[in-house]
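Note that the sequence shown ends on residue 891 in my numbering; no numbers are left out.
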Amino acid sequence: MKLDAQHLQAHNQQAIADHRAAFDYTAARLTGQGLDVPQLLDKIAALQIAIPSWALGTGGTRFARFSGGGEPRTLEEKIADVGLLHAINRSSGAISLHIPWDIPEDAAAIRALAQAHDLVFDAVNSNTFQDQPNQSLSYKFGSLSHSDKAHRQLAVRHNIDVIRHGEGLGSKALTVWLSDGSCFPGQQNFRKAFQRTLESLQEIYTALPVDWKILIEYKPYEPNFYSTVIQDWGTSHLLASKLGKKAYSLVDLGHHLPNTNIEQIVATLMMEGKLGGFHFNDSKYGDDDLTVGSIRPYQLFLIFNELVYGMEDPASINPTPAWMIDASHNVKDPLEDLLQSVEAIKIAYTQALLVNREELEAARENNDAARAQEILQDAFRTDVRPLVAEARQRSGGALNPIGLFRHANVRRQLVQERGLKTISTGL
Ligand code: RM4
Ligand code: MN
Ligand code: MN
């Protein structure tokens, strides 16, 4: 289905008076503080967050999966879903594919379809954490780090295939996440596993087109429960540095042990010009893949505070990272969940744009911890939702995304089109 533009306009019309009052109040306050509101709106509108092709179906756990109705059955239907999101919020203008969950059989046709929905292709993701039907060798004991060369070669070739698929779609980056590691002490030689991974990545790196990046994701545990080969940002950064200038680290918010200071990791990687990608989600215990901002919105803000500093600092050597949501939806409608996630990202980004950096630096130089906290929390506690809504509306999107999604009965129409019992490839 495609969203009816007139429906969107009519829905906005109902909310416009309340919105205008809230926006005018916020804009006047911020202008009074010396902020350039039109410039803020441009920045908010420009931030586009990629949607992964595996997040459009209902997620599950290793215990059960309770599918929802109208899930996209094909890559074409997944593109249509992201197109719907983008039509509603004008902020999800990119899609990230996981190969082989979503192999584009006819790249030119898929690219044209995406274009018709105003979408581009973000990073492509390889998958060596599952065996595919008829696969000659198993990844049970690893892929790029496997003790056996033939296994490693299989995984290297898969990554190169993924690059080729991505080239056909106009992607510019390959994301590698490895589940490689060990479940028991003594099972793996840490040093050999690292060296083998590096060698495999070097082969993949050689196959990267000139204008491509390789993004290396880290994760401390799961599915391996004793060790993972790329366990933390330091290991990812070490690999990226050894590989060369097209290699970067990727931070996934869920891939940290409890209470890790993620904002400090972001600061360090950006200082080194090595933060290439970012996966958003939220968690309470581990890699919970919950809706962005649903558990720890202040942490998200503090992370954005570092991201904005890294992006706006004229001396920064870090390219703009590839932004993607990487979450799973076990109990919510996936599309509603994604709308909420994008909104949470935009709110945290906007709040971070409000931070008075000069005053913050002065407070830091004076070791004035109380003042520094005031500055940060003043930005965090500003209700920026009218700014985010205004930016969205000016770009042709909805003032109230979830309100419109429900009012337009999007899910009911998708169920009618696709059926109640459909299952999407992915998590
Ligand atoms: C992993 C990791 C990867 C994602 C897979 C589906 O935990 O976050 O980025 O591709 O899940
Ligand atoms: Mn991820
Ligand atoms: Mn993850």
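A virtual CB, placed ideally from N, CA and C, is assigned to each residue, including glycine.
Go ahead and pull the three-state DSSP assignment for Glu-681. When DSSP states are grouped into helix, strand and coil, Glu-681 belongs to the strand group.
Please go through the same chain and pick out, in chain order, the residues whose beta-carbon is closer than 7 Å to the beta-carbon of Val-693, but skip the five residues on each side of it. Sequence-distant partners of Val-693 (beyond 5 residues in either direction) whose C-beta falls short of 7 Å from its own C-beta, in its chain, are Ser-609, Leu-642, Asp-644, Gly-645, Ala-657, Phe-658, Thr-661.
Residue(s) in a DSSP beta bridge with Phe-742: Looking at the DSSP output, Phe-742 sits in a beta bridge with Val-715, Trp-787.
What's the C-alpha gap between Gly-534 and Ala-619? Going by the C-alpha atoms only, they are around 34 Å apart.
Which one of Cys-647, Asn-589, Ala-587 has the shortest CA to CA distance from Lys-604? Ranking Cys-647, Asn-589, Ala-587 by CA distance to the CA of Lys-604 puts Cys-647 first.
For Asp-545 and Leu-520, what's the separation of their Cα atoms in angstroms? Spanning the two alpha carbons is a distance of roughly 7 Å.
With a threshold of 6 Å on Cβ separation, who are the neighbours of Gly-774 within its own chain once the five nearest residues in sequence on each side are excluded? In its chain, beyond the 5 residues on either side, Met-734, Ser-780, Asn-782 have a beta carbon closer than 6 Å to the beta carbon of Gly-774.
Give me the Cα-Cα distance between Ile-726 and Gln-695, rounded to the nearest whole angstrom. Rounded to the nearest angstrom, the two C-alpha atoms are 14 Å apart.
Using the C-alpha atoms, what's the distance from Pro-568 back to Asn-598? Between Asn-598 and Pro-568, the C-alpha separation is close to 19 Å.
DSSP three-state assignment for Arg-529, whether helix, strand or coil: Arg-529 sits in a strand when the DSSP states are folded into three classes.
Take the Cβ of Glu-881 as the centre, count every other Cβ of all protein chains shown within 10 Å, and call the residue buried at 16 or more, exposed below. By the neighbour-count rule (16 or more Cβ atoms within 10 Å), Glu-881 is not buried but exposed.
Out of Tyr-813, Ile-887, Ala-872, state which residue places its alpha-carbon closest to the alpha-carbon of Ile-508. Selected option, being the one with the closest Cα: Tyr-813.
His-562 - partner residues in DSSP beta bridges: BP columns for His-562 point to Asn-589.
Going by the C-beta, is Asp-892 closer than 8 Å to any heavy atom of ligand 2? Absent from the model: residue 892. The displayed extent of the chain is 465 to 891, so no value can be given.
Examine the Cβ distances between the segment 468-476 and the segment 510-527 and report whether three or more of them are shorter than 8 Å. No, they do not touch.
If you compare alpha carbons, which of Phe-585, Ile-729, Ala-510, Phe-530 is closest to Lys-542? Restricting attention to Phe-585, Ile-729, Ala-510, Phe-530, the CA atom closest to the CA of Lys-542 is found in Phe-585.
Between the C-alpha atoms of Ile-552 and Gln-651, what's the straight-line distance to the nearest angstrom? Approximately 50 Å between the Cα atoms of the pair.
Jot down the residue ranges of each uninterrupted alpha helix (DSSP H) in the segment 646-673, minimum 4 residues, whole runs only, in chain order. Counting whole runs of 4 or more residues, the segment 646-673 contains the alpha helix (DSSP H) stretches 654-670.
Report the three-state DSSP secondary structure of Pro-722 (helix, strand or coil). When DSSP states are grouped into helix, strand and coil, Pro-722 belongs to the coil group.
Which two residues bound the contiguous beta strand (DSSP E) that contains Thr-639? Unbroken beta strand (DSSP E) run through Thr-639: 637-640.
Considering Cα atoms alone, identify which of Ala-587, Thr-670, Val-806 is closest to His-629. Residue Ala-587 is the option with its Cα nearest to His-629.
So for Thr-846, helix, strand or coil by DSSP? DSSP places Thr-846 in coil when its eight states are reduced to three.
Same chain, Cβ closer than 7 Å to Asn-892, neighbours up to 5 away in sequence not counted: Because the chain in this structure spans residues 465 to 891, residue 892 falls outside the shown range and cannot be described.
Between which two residues does the alpha helix (DSSP H) holding Phe-768 run? Unbroken alpha helix (DSSP H) run through Phe-768: 761-776.
Count the C-beta pairs between the segment 485-499 and the segment 869-887 that are closer than 8 Å, then say yes if the count reaches three, no if not. The way I'd put it, the segment 485-499 doesn't touch the segment 869-887; fewer than three beta-carbon pairs between them come closer than 8 Å.
Please list, in chain order, all residues with a C-beta atom less than 5 Å from at least one heavy atom of ligand 2. Answer in sequence order: Asp-716, His-743, Asp-790.
With distances taken from CA atoms, which of Ser-555, Phe-527, Asn-794 is nearest Leu-505? Considering only Ser-555, Phe-527, Asn-794, the residue with the shortest C-alpha distance to Leu-505 is Ser-555.
Under 9 Å, do Ile-887 and Val-852 count as touching if we go by C-beta distance? For the 9 Å CB-CB criterion, Ile-887 and Val-852 do not form a contact.
Quick check: does the Cβ of Glu-667 come within less than 8 Å of any heavy atom belonging to ligand 1? Not so, every heavy atom of ligand 1 lies at least 8 Å from the Cβ.
With the cut-off set at 9 Å, would you say Ala-816 and Asn-745 are in Cβ contact? Contact flag unset, no.
Please work out which residues of its chain come closer than 7 Å, Cβ to Cβ, to Ile-759, disregarding the five sequence neighbours upstream and downstream, and give them in chain order. The answer, listed in chain order, is Asp-746, Ser-747, Lys-748.
What is the residue span of the alpha helix (DSSP H) that Val-626 lies within? It spans 613-633 - the alpha helix (DSSP H) in which Val-626 sits, taken as one unbroken run.
I think His-562 touches Asn-589, with their Cβ atoms under 8 Å apart; what is that distance to the nearest whole Å? Separation of the CB atoms of His-562 and Asn-589 is rounded to 4 Å, and the pair is thereby assigned contact status at 8 Å.
Please classify Leu-484: is it buried, with 16 or more other beta-carbons within 10 angstroms of its beta-carbon, or exposed? In the sequence as displayed, the identity of residue 484 is Arg instead of Leu. Per the 10 Å Cβ criterion, exposed.
Which same chain residues, not among the five before or five after Leu-721, have their C-beta less than 7 Å away from its C-beta? The answer, listed in chain order, is Pro-684.
Nearest candidate by alpha-carbon position, reference Leu-638, set Arg-835, Lys-710, His-793, Asp-595: Looking at Arg-835, Lys-710, His-793, Asp-595, the one whose alpha-carbon comes closest to that of Leu-638 is Lys-710.
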